[in-house]
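Since the structure comes first, as structure tokens, the remarks are kept for the end.
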Amino acid sequence: MQAIVVEGLERAFGEIRAVQGVDLEVAEGEIYGFLGPNGAGKTTTVRMLTTLLLPTGGRASVAGHDVVDEAPAVRRAIGVALQEAALDPLMTGRELIRLQATLHGLPTAEGKRRAADLLERVDLTAAADRRVGTYSGGMKRRLDLAAALVHEPRVLFLDEPTTGLDPVSRKGIWEEVSALNREGTTVFLTTQYLEEADRLANRVGIIDNGLIVAEGTPSALKADVGNPHLEVQLAEGSAQSAEQVCERLGKVLPSKDGKVLVELPGGASEVARVVRALDDAGLAVESLDLVEPSLDDVFVAKTGYHIEQADEGDEAEGGAADQEEAAPA
Amino acid sequence: MSGSFATNVRVVRALGMRSIRQTFRRPQLMAPILVFPTLLLALQTGGAESAVNLPGFPEVDSFLQFMIAGAMLQSLMLAGNSGGIAMAVDIEMGFTDRLFVAPISRFAIVLGRLAGTAALGLVTALWFLAIALIFGAPITEGVLGALVVIVLVCLSAAAFGGIGAAAALRTGSASVVQGFFPIIFVILFLSSAFFPQNLMVEPAQTIAEYNPLSFLVEGIRDPFVSGFSGEEMAECLAAIAGFGLLGLWLSAMALRHRLRMGG
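Quick mapping for you: the protein sequence lines, in order, are chains A and B. Residues are numbered in the working numbering as their position in the first sequence, beginning at 1, plus a constant of 2. Residues are numbered in the working numbering as their position in the second sequence, beginning at 1, plus a constant of 2.
This is the structure:
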């Protein structure tokens with residue numbers, strides 16, 4: 003049984019096509035990682051699947067209900083924690099969860115009980131009667147997650163749940179998401195963090211410029227791109243010469259953080275050969291890292307650039323693609 | 003309608019309570035609604051008391067007795083605008099999305115905000131009734147008159163709240179909704195809120211005659227000054243209904259637009 007079915011989903015804002023025909027299926031009980039840089043179309047897709055935005059083409063169903071024709075039924079079946087934890091800083095944590103319970107039609111007594119249980123679950127009991135404005139980023143995310151769970155949804159949408167969090171808070175959210183999934187909740191998780199998708203998702207869809215460019219289990223995707231690569235840090239100004247040397251030894255990948263990247267099908271056994279070649283060319287190597295294929299490599303293989311580079315580009319340009327996602331908000 | 007009727011009623015109540023708490027937890031939201039109209043009232047009644055001696059001025063015990071309805075109208079319009087600003091802030095910080103993904107009627111979200119604005123109207127009415135009693139502006143119609151004033155002010159606040167909510171839903175920007183603030187004053191001063199219509203010069207007199215705010219303020223003023231008048235009460239209720247329906251219609255349009263464009 004599929005929890006989410008998406009066929010040719012499109013969304014345009016005037017001339018801008020934020021989502022250009024997305025097809026995907028998410029099985030019940032699965033964690034689906036929706037990975038892409040800022041402005042790729044992740045949030046727009048989630049907003050359509052959660053009935054916050056009408057598609058301009060294609061169709062989608064969530065928990066067996068069409069997101070356009072049966073929107074109320076979709077909303078009864080889903081829990082949503084949107085980007086940036088949209089919380090009222092003047093409310094207390096307990097008030098927020100109880101309001102959420104009322105919004106989902108829970109009787110007052112049950113809402114009260116659920117609020118206590120959920121606050122306990124996300125370790126916020128001590129802070130339950132404090133105003134949300136006094137919470138840390140991690141506490142806000144945990145509260146947002148708890149609020150999304152108040153009616154025990156079948157499908158949970160988490161839109162970049164750990165963006166901006168410190169590593170400890172991030173790990174806490176990951177553990178909670180895994181626990182929820184073990185209890186049977188289907189999770190649709192958008193993220194720009196490769197590690198997050200790699201660690202949590204059963205399957206990953208990579209979206210770029212409004213299109214899904216790769217989909218599969220993290221291990222299958224990594225196996226597809228195949229080979230390990232060597233990351234070589236050289237003295238300043240010698241990267242170009244090093245790339246010319248490395249081209250003779252293997253496929254040179256787009257550089258990252260000033261490092262030269264060369265694919266080595268033979269892995270560790272080929273490292274010495276690269277070092278010797280660089281040494282013979284008079285190039286001083288500062289550091290070397292042999293890296294097994296990652297989702298970033300999958301991203302590079304499918305798009306031609308690193309996910310971090312896409313984000314930096316967006317920021318530097320004022321984020322044209324960001325505006326595509328910001329437009330509906 | 004999404005969700006059962008009972009659920010939607012509970013949602014309206016819960017969102018109304020949230021709106022009231024929000025106002026009291028951020029006193030700066032309350033200040034312009036009460037403080038500014040009170041200061042203006044003090045300045046006007048202190049500096050122009052002798053206006054009551056003008057030929058043709060309604061028979062009153064004091065200028066305050068005439069002005070208090072205008073101050074109430076000003077205050078409740080600011081309450082409506084303030085409700086709109088609060089809703090726009092909710093949109094800006096994404097809180098409205100939390101409400102929109104719940105299985106409830108999206109109109110219940112607007113009505114919840116209006117319930118909160120009506121409660122602010124109650125505070126406004128009680129505040130200015132207290133000022134009237136303390137500073138010697140009797141209510142000609144007594145306790146019943148006071149109750150009628152309270153009901154009219156609450157209903158009017160909700161009606162103006164609808165227009166504020168529509169502006170918030172359409173623009174999604176608190177600063178834009180706040181920009182309506184000066185317009186409120188222009189429209190208000192072009193009504194009989196602060197000066198008798200029959201003593202105005204043209205074209206202000208004609209504008210005030212057809213300005214629906216004049217109908218509103220005269221309906222609120224009647225219980226203070228001349229006693230109940232069926233015609234003026236009917237015009238006042240019609241004006242409230244008109245503003246209310248306009249606000250709800252504009253809100254419905256804005257909600258549709260928001261769903262089409264996102265939000």
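Cβ coordinates follow ideal geometry from the N, Cα and C atoms, glycine included.
What three-state label does DSSP hand Y307 of chain A in the structure shown?
-> Y307 of chain A carries a coil assignment under DSSP once its states are collapsed to helix, strand and coil.
Which chain A residues sit within Cβ distance under 7 Å of T9 of chain B?
-> Per Cβ cutoff of 7 Å: G107.
DSSP three-state assignment for G95 of chain A, whether helix, strand or coil | Residue state, collapsed to three classes: helix.
Exposed unless 16 or more other CB atoms sit within 10 angstroms - verdict on I185 of chain B | By the 10 Å Cβ count, I185 of chain B comes out exposed.
What span of residues does the alpha helix (DSSP H) with Y212 of chain B cover, start to end?
-> Note, Y212 of chain B: alpha helix (DSSP H), A206 to Y212.
Coil, strand or helix - V13 of chain B by DSSP | Looking at V13 of chain B - three-state DSSP - the assignment turns out to be helix.
How big is the Cα-Cα spacing for G321 of chain A and L45 of chain B?
-> Since pLDDT at G321 of chain A reaches only 37, below the 50 mark, its modelled position is unreliable, and no value is offered.
Contacting positions in the region 212 to 233 of chain B - beta carbon closer than 7 Å to chain A | Residues are counted here when their Cβ sits less than 7 Å from a Cβ of chain A; for the region 212 to 233 of chain B the count is zero.
Proximal residues, the region 67 to 99 of chain B versus chain A, C-beta separation under 7 Å | Result list: M95, G96, F97 and D99.
Tell me the DSSP bridge mates of T104 of chain A?
-> Answer is none; T104 of chain A lacks a bridge partner.
Candidates B:N83, B:M74, B:I70 and B:F230: closest to G181 of chain B by CA position | Of the listed residues, the one whose Cα sits closest to G181 of chain B is B:N83.
Hey, R116 of chain A and V152 of chain A: beta-carbon distance below 8 Å or not?
-> Result yes, Cβ atoms of R116 of chain A and V152 of chain A sit closer than 8 Å.
Residue-level contact to chain A via CB, I106 of chain B, 8 Å cutoff = For I106 of chain B, the answer is yes, since a Cβ of chain A falls inside 8 Å of its Cβ.
How is the beta strand (DSSP E) around I18 of chain A delimited, first residue to last?
-> Bounds of the beta strand (DSSP E) holding I18 of chain A are I18 to A29.
Of all the CB atoms in chain A, is at least one closer than 8 Å to the CB of L101 of chain B?
-> True, the Cβ-Cβ gap to chain A drops below 8 Å.
Does the beta carbon of S253 of chain B sit closer than 8 Å to a beta carbon anywhere in chain A?
-> Chain A, which has no Cβ nearer than 8 Å to the Cβ of S253 of chain B, makes this no.
Which bits of chain B does V82 of chain A rub up against, with CB to CB less than 7 Å?
-> Per Cβ cutoff of 7 Å: V103.
So what does DSSP say about S257 of chain A, is it helix, strand or coil?
-> Residue state, collapsed to three classes: strand.
Any idea if V124 of chain A is buried or exposed, counting beta-carbon neighbours within 10 angstroms, 16 or more meaning buried?
-> By the neighbour-count rule (16 or more Cβ atoms within 10 Å), V124 of chain A is buried.
In the structure shown, what three-state DSSP assignment does F182 of chain B receive?
-> The DSSP-derived three-state label of F182 of chain B is coil.
In chain order, each beta strand (DSSP E) run of at least 3 residues that lies wholly inside the region 156 to 219 of chain A | With a minimum length of 3 residues, the continuous beta strand (DSSP E) runs that stay inside the region 156 to 219 of chain A are 157 to 161, 188 to 193, 205 to 210 and 213 to 218.
Which residues, in order along the region 140 to 161 of chain A, keep a beta-carbon less than 8 Å from a beta-carbon of chain B?
-> Within the region 140 to 161 of chain A, the residues whose Cβ lies closer than 8 Å to any Cβ of chain B are, in chain order, A149.
Can you name the start and end residues of the beta strand (DSSP E) that I106 of chain B belongs to?
-> No beta strand (DSSP E) holds I106 of chain B; DSSP gives it neither H nor E.
Spell out whether any CB of chain A is found under 8 Å from the CB atom of Q24 of chain B.
-> Yes, its Cβ sits closer than 8 Å to a Cβ of chain A.
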